[in-house]
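Numbers 1 to 299, taken from the UniProt record's numbering, label the letters of the sequence shown in order.
The beta-carbon is built from N, C-alpha and C at its ideal position, and this holds for glycine as well.
Just so we're clear, the structure is a prediction, and the values are computed from it rather than from any experiment.
Taking it in order: structure first as structure tokens, then the write-up.
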Amino acid sequence: MKTAIVTGATGFIGSRLIAALVRRGVSVTAISRRTSGPWPGVIRVVAQDSDLTALIADTNPNVVFHLAGVSEEAAARKDPAHALEVNGRAVWQLMDAVLQSGRRPAVVLASSIAVYGENRGAPASETDRLLGEGPYELSKIAGECGARAFAALGLATRIARIGNVYGPADRKVGRLIPDTLEAIRTNRAPVLRAPNSLRSHLHVEDCVRGLIALGSERGLALDGRAVNICDEHGITNLDLVQLLLAQAGRDDLHPDLSNSGQAASVRLASAAFARQALGWQPEITLEQGLGDLLERSAA
Numbered sequence: 001m002k003t004a005i006v007t008g009a010t011g012f013i014g015s016r017l018i019a020a021l022v023r024r025g026v027s028v029t030a031i032s033r034r035t036s037g038p039w040p041g042v043i044r045v046v047a048q049d050s051d052l053t054a055l056i057a058d059t060n061p062n063v064v065f066h067l068a069g070v071s072e073e074a075a076a077r078k079d080p081a082h083a084l085e086v087n088g089r090a091v092w093q094l095m096d097a098v099l100q101s102g103r104r105p106a107v108v109l110a111s112s113i114a115v116y117g118e119n120r121g122a123p124a125s126e127t128d129r130l131l132g133e134g135p136y137e138l139s140k141i142a143g144e145c146g147a148r149a150f151a152a153l154g155l156a157t158r159i160a161r162i163g164n165v166y167g168p169a170d171r172k173v174g175r176l177i178p179d180t181l182e183a184i185r186t187n188r189a190p191v192l193r194a195p196n197s198l199r200s201h202l203h204v205e206d207c208v209r210g211l212i213a214l215g216s217e218r219g220l221a222l223d224g225r226a227v228n229i230c231d232e233h234g235i236t237n238l239d240l241v242q243l244l245l246a247q248a249g250r251d252d253l254h255p256d257l258s259n260s261g262q263a264a265s266v267r268l269a270s271a272a273f274a275r276q277a278l279g280w281q282p283e284i285t286l287e288q289g290l291g292d293l294l295e296r297s298a299a
């Protein structure tokens, strides 16, 4: 990979992806709502409303990483029409721009393991039906349908179904790990609304490695297909918070369960196909990742 376009360039994952690509010597064009400010190593920054067809034709990238969109279920529930617009229609527009450009880059689409819905037994695999029902899940399914439609026309589309990602610079209010870190910092009891929900947690650097692997030559065999980029080790929200508190040495703080009325949900997926097809698997354990976050927050 010598050249790449990244949408969602200032996002939590997008910014880390760009940094990793630049370290590998890739010439990156970033598409972002924010075009001012420092962009170390990026050769070009363009506005989100730019002419994508002309940009792709001019840049001739090896890979387009499409990370822009609504990435939070709560945001999608608040404005489902917007979620369907940016997670669905915007994907189709990007794919059409690639088709009309005359170039043939690989297109790596960031989707989510949320498309599977709740687990009904074993962790979800890529051959399972997509049973997600909420606005976020359905918007991601819509994007995947668009990618598959253009794959049938010869575009090299590859879908990354990403797990729950955490790591440095994730400061979104309403997300469990950032909220717990903030509670520790401010000496408050972490609030848990769904203590028994079961999730896996993927470090952002492992996520980035998976996306780059999918965009590499090894990903050629996955044209038109989806692959889970996720950790496989599930942990309940309560156990996760208790682990963070223990690692922080905060035995004076205890989870606040007074509003824990949300029903428990289970969302786990298998990364076996990613190991087989891409040679990828997570390298950073949850304990290591949380320890690093605690060190950073204390600095």
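Rounded straight-line distance, which links the Cα of Cys207 to that of Leu278
Straight-line Cα distance between these residues: approximately 13 Å.
Check whether the segment 3-16 and the segment 195-209 are in contact - that is, three or more C-beta pairs closer than 8 Å.
yes
Under 8 Å between C-beta atoms of Gly146 and Trp92
yes
According to DSSP, Thr3 sits in a beta bridge with which residue or residues?
The partner list for Thr3 (beta bridge, DSSP) reads Ser27.
Closest Cα partner of Val86 within the set Asp256, Ala110, Glu217
Ala110
Return yes when the Cβ of Arg225 is within less than 8 Å of the Cβ of Ile159, no when it is not.
yes
Proximity to Thr127 [Cα-Cα], best of Glu133, Ile113, Ile184:
Ile113
Could you tell me if Val115 is buried or exposed, where buried requires 16 or more neighbouring beta carbons within 10 angstroms of its beta carbon?
buried
Measuring straight from C-alpha to C-alpha, what distance separates Gln100 and Ala68?
For Gln100 and Ala68, the gap between their C-alpha atoms comes out near 20 Å.
How about Phe12: is its Cβ closer than 7 Å to a heavy atom in the ligand GTP?
Within the structure as shown, the ligand GTP is missing, as the structure has no ligands at all.
Rounding to the nearest angstrom, what Cα-Cα distance links Ile177 and Ala183 in this structure?
10 Å
May I ask you to report which of helix, strand or coil DSSP gives Ile56?
In the three-state scheme derived from DSSP, where H, G and I count as helix and E and B as strand, Ile56 is classed as helix.
Bridge partner(s) assigned by DSSP for Tyr166:
His203
According to DSSP, is Asn87 helix, strand or coil?
Collapsing the DSSP output to three states places Asn87 in a helix.
Per DSSP, cross-strand counterpart(s) of Leu198:
Under DSSP, Leu198 shares a beta bridge with Thr236, Val266.
Taking a contact to mean a Cβ-Cβ separation below 8 Å, would you say Thr10 touches Arg34 in this structure?
yes
Burial state of Ile140, where buried means 16 or more other Cβ atoms lie within 10 Å:
In the sequence as displayed, the identity of residue 140 is Lys instead of Ile. Looking at its Cβ environment, which holds 16 or more other Cβ atoms inside 10 Å, Lys140 is buried.
Taking its Cβ as the centre, do 16 or more other Cβ atoms sit within 10 Å of Gly215, making it buried, or is it exposed?
buried
Local conformation of Thr157 per DSSP, three classes
strand
Spell out a yes or no on whether the segment 71-91 and the segment 118-126 are touching, meaning 3 or more CB-CB pairs, one atom from each, closer than 8 Å.
no
Bridge partners of Asp256, per DSSP?
Val191
From the DSSP output, read off the bridge partner residues of His66.
Thr7, Leu109
Roughly how many angstroms separate the alpha carbons of Phe273 and Leu155, rounded to a whole number?
22 Å
DSSP beta-bridge partners for Asn228?
Arg161
When we look at the beta-carbon of Asp231 and count the other beta-carbons within 10 Å, is it buried (16 or more) or exposed?
buried
First and last residue of the uninterrupted alpha helix (DSSP H) at Arg44
Careful: Arg44 lies outside any alpha helix (DSSP H), inside the beta strand (DSSP E) at 44-47.
Starting from Asp292, trace the alpha helix (DSSP H) both ways and give me its first and last residue.
286-298
Residue of Asn196, Val46, Val70 minimising C-alpha distance to Thr59:
Scanning Asn196, Val46, Val70 for the CA closest to the CA of Thr59 turns up Val46.
Hey, could you find the ends of the alpha helix (DSSP H) Ser71 is sitting in?
Looking at the DSSP string, Ser71 is not in any alpha helix (DSSP H), and its letter there is neither H nor E.
What span of residues does the alpha helix (DSSP H) with Asp179 cover, start to end?
176-185
Can you tell which of Val227, Asp170, Arg148, Gly143 has its C-alpha closest to the C-alpha of Ile162?
Val227
From Ile5 to Leu222, what distance separates their C-alpha atoms?
19 Å
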